[in-house]
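Input: a single structure, listed below in structure tokens.
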Amino acid sequence: MTENNRNIIIAIVLSMLVLVGWQFLVAGPQMERSRQAAIIAAEQQAGANTGLSTPIVATDGSIPADAAPTVFETRDAAIAATARVTVDTAELMGSINLTGARLDDLHLKNYRETVEDDSPIITLLSPVTTAGGYYIEQGWVTENGETAVPTDAVWTIEGVNQMLREGNPVTLAWDNGAGLIFRRTFEVDEHYLFTVTQAVENTGTAAVTLMPFSRVVRVGTPHVANFFIMHEGPLGVLGANNLVGRKYADLAKEQRIDLTSNGGWLGFTDKYWATAVLPEPQTPISTRMSWRKPAGLDIYETSYVGTQTVVVAPGTTANNKSYVFAGAKVEAVIANYGQVYGFDRLDLLIDWGWFHFLTWPLFLLLRALYGILGNFGLAILTVTILVKAVFFPLASRSYASMAAMRRVQPEMKAIQERHKEDRPAQQTAMMELYKKEKINPLSGCWPLLIQIPVFFSLYTIIFISLEMRHAPFFGWIQDLAAPDPTNIFTLFGLIPWTPTALPLIGNFLHLGVWPVIMGITMWVQMKLNPPPTDATQAMIFAWMPVIFTFMLGTFPAGLVIYWAWNNTLSVTQQWFIMRRHGVEVNLLGNILSTFKRKPKPAVADKA
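Residue 147 is where the sequence shown starts when you use our numbering, and the numbers rise one by one after that.
Below, the structure written as structure tokens:
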């Protein structure tokens, strides 16, 4: 295989990777969102859930099984309409609704919707009567699956604590007037874990049999990024069933998934936030993921009920403890919960993608470097250097082989001329030459092939990790997880128009400064070698930097910065290694030759 043939193969492979990546990351998700909307619109109204002893057979909060609110209140009005217990910690702000004793109002203090300082903080949970209702509830069910406490029951506060804080639990109580007093004690730690202890006191004359339940309810289909590298939707780890997850559209088609497990957890995961209900480890439970559509409103629910019945004899009290995770998907916090409480694989709340064996260690390295450098952009640049250092021996052999091929170019051309009519003989002579000079014609592919999994893993980290969200670099890059905000097609804001809104080509008309820098570094890297003599190959190589520049224009800025820096290091590395092996590298000459006017081909004289 000649150097030119090898290069054109690499060019075609990389171009195909980019095109396939574009299909999966941009065009595919857009088509999938449209398909999901069509599927959900075509679904018939789901029937009532039956079979599993969960509280959803009768009601769903304040939404009856056969109806749904047609007019949503404002969020503030919904919260003001009911009495509440305030939740106020270092990282959380919200309230517990005394109607139903459910957690349905929660904000994340340390995270904002945009990078602006005055941007609203993230709202995670909202009352069921608002658009995007999202709440968490515990309770008891009877043996026939009915809730032991009406969902509209108004609870009262017991004791002196009127506000839920770290180290300051709150107890709520409700008396059914028939000999049972229900209590729920809420505790919260310094991050995102709630401990809920339920108690049933029997002051009557007959024993009562109950089972504890916990559930997360989500009203309406939330907006999702819908990228294939990351799961968003119902999710759980359920013992021997392992990881169980569904997209919202898939759950709408299946309508209900019932599984049993010893311990585990289940809830909903978004890109950066998550909720989950967790029994104590190894507790036998029946779980359900479900969807129904009363009065045209999508309702998604994940729930579990303890399968071991609790018999509350007269004059006794029964207790049950469970947990709630509701907050940001901070890797260190989630990992610590798994270790301290023994939750089964809670770290799977974060989807590290296909290359998790590489992505997760790379993330830990980035986070460690951030702790030293104080900037994730600098951490990315440093990781690039470390990756280059690790694979330097392989790259050195690769570039040395390329240098050797440059030295034997005259002999290769002579072989091609000598055997131009006999291709098998030409290939045999080439292989003998490679063997004599100890050249591996495929070694030049390795530096590019190594970069692909690292690139994909870094893309996954930047896209899904909360630590990268709103992480600044320098200058105009204030969010490494977002595309470069500048655009040369608006002259960086001087022209008041939105080229990205144009049909068909709009996605290609966001081109910031860093993508242009990346394209230039890629073009310089290609100029390290003389252009191919074949016109078709030369044209492909000439246009590849342009294609990559536009393709990466909408990628996260952190990834584009990585690629530009990697190209710069590759140029330096290749120039140094090839010069060390005695090859003349005329980089400046190759660049200047691009701008020289090409002579017109001679025209033969007419006879």
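Note that beta-carbon positions come from the ideal geometry of N, C-alpha and C, so glycine has one too.
Proximity of residue i and residue j at Cβ, strictly below 7 Å
i	j	result
V365	Q284	no
I480	L495	yes
N408	P425	no
G699	H656	yes
F696	F654	yes
P661	V706	yes
L271	D250	yes
W437	Y446	yes
T714	T667	yes
L384	V390	yes
T245	V300	yes
G379	R392	yes
Coarse secondary structure for residue i, derived from DSSP in three states
i	result
W498	coil
L532	helix
Q573	helix
S544	helix
T714	helix
E578	helix
V670	helix
E292	coil
I663	helix
P631	coil
L249	strand
D568	coil
G484	helix
S265	coil
A381	Ala is not the amino acid found at residue 381; the sequence shown has Leu there. Residue state, collapsed to three classes: strand.
S449	strand
I403	strand
Identity of the residue in the options nearest residue i by Cα
i	options	result
F755	I641, R513, D321 and F602	Since the first residue of the chain shown is 147 and the last is 753, residue 755 is not available in this structure.
Q344	W320, T245 and S241	W320
N256	M690, L244, T275 and A236	A236
H369	R330, L412, G385 and D416	D416
K467	F696, P460 and V456	V456
A422	D497, L339, P661 and D335	L339
Q555	E583, A224 and V533	E583
F259	I268, D251 and H253	The question names Phe, yet the displayed sequence has Glu at residue 259. Nearest C-alpha to E259: I268.
E692	N713, W669, V470 and N712	Here residue 692 is Val; the residue named in the question, Glu, does not match the sequence. Ranking N713, W669, V470 and N712 by Cα distance to V692 puts W669 first.
W498	I327, E477 and E312	E477
L783	G391, L244 and G473	As displayed, the chain neither begins before 147 nor continues past 753, which places residue 783 out of reach and without an answer.
P599	H502, L318, V659 and I445	H502
F509	L540, I610, Y487 and S544	I610
Q454	F471, R438, W437 and Q428	Q428
L254	T245, S265, R392 and W643	S265
T525	W711, Y483 and I585	Sequence inspection shows Ala at residue 525; the Thr mentioned does not correspond to that position. Of the candidates W711, Y483 and I585, the one whose C-alpha sits nearest the C-alpha of A525 is W711.
T317	A324, G325 and E333	E333
S547	Y394, R725, T351 and N521	R725
R553	D263, A575, L579 and T530	L579
G452	D234, F359, M577 and L595	F359
A352	V231, L326 and I531	L326
Q720	R543, N322 and G665	R543
Counted within 10 angstroms of its Cβ, other Cβ atoms place residue i as buried (16 or more) or exposed
i	result
K559	exposed
F538	exposed
K475	buried
G382	buried
M162	Confidence at M162 is low in this model, with a pLDDT of 48, below 50, so its placement is unreliable and no value can be given for it.
L637	exposed
G413	buried
N388	exposed
D625	buried
A227	exposed
D298	exposed
R330	buried
A535	exposed
N465	exposed
M690	buried
N243	buried
D490	buried
N348	buried
P273	buried
M576	buried
Contact with chain D by residue i, beta-carbon distance below 7 Å
i	result
A514	Any reference to chain D falls outside this structure, which holds one protein chain only.
For this session: Kindly confirm or deny that the region 617-625 and the region 497-514 touch, where touching means at least three C-beta pairs closer than 8 Å.
Result: Between the region 617-625 and the region 497-514 there are fewer than three C-beta pairs closer than 8 Å, too few to call the two in contact.
Exercise. Do the region 433-450 and the region 394-405 make contact, defined as three or more Cβ pairs closer than 8 Å?
Worked result: Three or more Cβ pairs drawn from the region 433-450 and the region 394-405 lie within less than 8 Å of each other, which places the two stretches in contact.
Exercise. Does the count of Cβ pairs from the region 559-568 and the region 626-634 closer than 8 Å reach three?
Worked result: Proximity of the region 559-568 to the region 626-634 falls short of the contact definition, fewer than three beta-carbon pairs being nearer than 8 Å.
For this session: Please determine if the region 441-458 and the region 293-308 are in contact, where contact requires at least 3 C-beta pairs separated by less than 8 Å.
Result: At 8 Å Cβ cutoff, the stretches do not touch.
Exercise. When the Cβ atoms of the region 293-301 are set against those of the region 372-382, are three or more pairs found closer than 8 Å?
Worked result: Flag = no, the region 293-301 and the region 372-382 do not touch.
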